[in-house]
Amino acid sequence: MATILESLVRSCAKKLQDIVTDEAILILGVEEDLIELQIRIEQIRHFLNDAEQRSIKESAVNIWLGQLRDAMYDADDIIDLARSKGNKLLSEKSLSLPGKSNTCSVLSLSSFCFSIQTRRQVGVKIRSLNKRIENISKDKVFSSLTNIQPTGEASAPKHRKSSNLVEHNLVGKEIIHACRKLVDLLLKGKEKRSYKLAVVGTGGVGKTTLAQKIYNDQKLKGSFNKRAWLCVSQDYSEITILKEILRKFEVHYRQDESTDELQSKLESAIEGKSFFSCVG
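Here's what the structure looks like:
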């Protein structure tokens, strides 16, 4: 179950990363909720290996995996629903532009009512799913799991703290201004061999939200040959991060390759190219 589940979890996280700044999502006003959903899913994903191993002998873990699986199937459906409803709203918006006939006024009013209802329905579904996944992550089974990497990835664990929830305080014009300012700084520093920016602050100021918006900025997307968003858990290893970057860059590697071999492949992949990575 966990192997299929891991593929589903990865798929959902990738879908969320790809659509979170789409116009179809922005018109719904649910981007913050979807970012939170992505963060929660990524957090749980790192503990699936341990859950898979323990589920063979522990029925409680097996039940927990079943609950997570059901939630992920619902997440996949809700992501598709949000995209579909958002695209429909965009279509309705284009049809309800001011015109010369009274028909346009009627259509505009109808579209407005549909827009409010749709936003509410989709928002409620996403927030309900977020609460459901939050409860799954608070289950005593999850709290007992360990971040075990597949064979060959568990060497030299390091410890760091990373935010596991999306902060909501940075919104509206404030986050748009901050995003534009940092994107401009990144583009100015692009010509340097290496340029780093850190988004720092106390919990709740909107660091993760801001980083996600910067990463998905259309101007930034078109300015770099390669990009990688890395969601790093509290326990991680250098070899795990290297493999994750190579996977994001679609570079093939063997599970038994050493750190030096992986570094060599990464160097070859980015030689003569510009790349942007965001670690959260």
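Residue numbers (the working numbering): -17 to 262. The beta carbon of each residue, even a glycine, is placed where N, CA and C say it ideally should be.
How should Thr128 be labelled, buried or exposed, when 16 other C-beta atoms within 10 angstroms of its C-beta is the threshold for buried?
Thr128 should be labelled exposed.
Give the list of continuous alpha helix (DSSP H) stretches no shorter than 4 residues that lie fully inside the segment 202 to 252.
Contiguous alpha helix (DSSP H) elements confined to the segment 202 to 252 occur at 220 to 230, 241 to 252, taking only those with 4 or more residues.
List the residues that DSSP assigns as beta-bridge partners of Ser259.
Secondary-structure assignment with DSSP links Ser259 through a beta bridge to Ala210.
Select from Glu34, Cys260, Lys172, Arg101 the residue whose C-alpha is nearest the C-alpha of Gln194.
Residue Cys260 is the option with its Cα nearest to Gln194.
For Leu244, collect the residues of the same chain with a Cβ closer than 8 Å to its Cβ; drop the 5 residues on either side in sequence, then sort them by chain order.
Hits under 8 Å: Ile221, Leu224, Lys225, Leu228, Tyr235.
Could you give the first and the last residue of the continuous alpha helix (DSSP H) run that contains Ser176?
For Ser176, there is no enclosing alpha helix (DSSP H), as DSSP marks it with neither H nor E.
Can you list, in chain order, the residues of its chain with a C-beta nearer than 7 Å to that of Lys255? Leave out the 5 residues immediately preceding and following it.
Counting only Cβ-Cβ distances below 7 Å, and skipping sequence neighbours, we find Asn207, Lys208.
Where Tyr177 falls, given that 16 or more other Cβ within 10 Å makes a residue buried
In this structure Tyr177 is exposed. Its beta-carbon is surrounded by fewer than 16 other beta-carbon atoms within 10 angstroms.
Do you know how far the Cα of Ile38 is from the Cα of Glu203?
Reading the sequence as shown, one finds Lys at residue 203 and not Glu. Distance from the CA of Lys203 to the CA of Ile38, rounded to the nearest whole angstrom, comes to 43 Å.
Limits of the alpha helix (DSSP H) - the one that Glu18 falls within:
From DSSP, the alpha helix (DSSP H) with Glu18 extends over 13 to 27.
Ordered along the chain, which non-local residues of its own chain (more than five positions away) have a Cβ less than 7 Å from that of Leu179?
Excluding sequence neighbours, Leu179 sits near Leu164, Leu167, Leu168.
Do you know offhand how far Asp52's Cα is from Leu248's?
Straight-line Cα distance between these residues: approximately 36 Å.
Please state whether DSSP places Glu40 in a helix, a strand or coil.
If DSSP states are grouped into helix, strand and coil, Glu40 belongs with coil.
When you compare the CB positions of Gly68 and Ala160, do they come within less than 7 Å of one another, or not?
The answer is no: Cβ separation not under 7 Å.
Among residues of its own chain, excluding the 5 on either side of Thr3, which ones have a beta-carbon nearer than 6 Å to its beta-carbon?
Listed in chain order, the non-local C-beta contacts of Thr3 below 6 Å within the same chain comprise Asn198, local neighbours out to five positions each way being set aside.
Under the rule that 16 or more other beta-carbon atoms within 10 Å means buried, what is Ala(-5), buried or exposed?
Ala(-5) is buried by the Cβ-count criterion.
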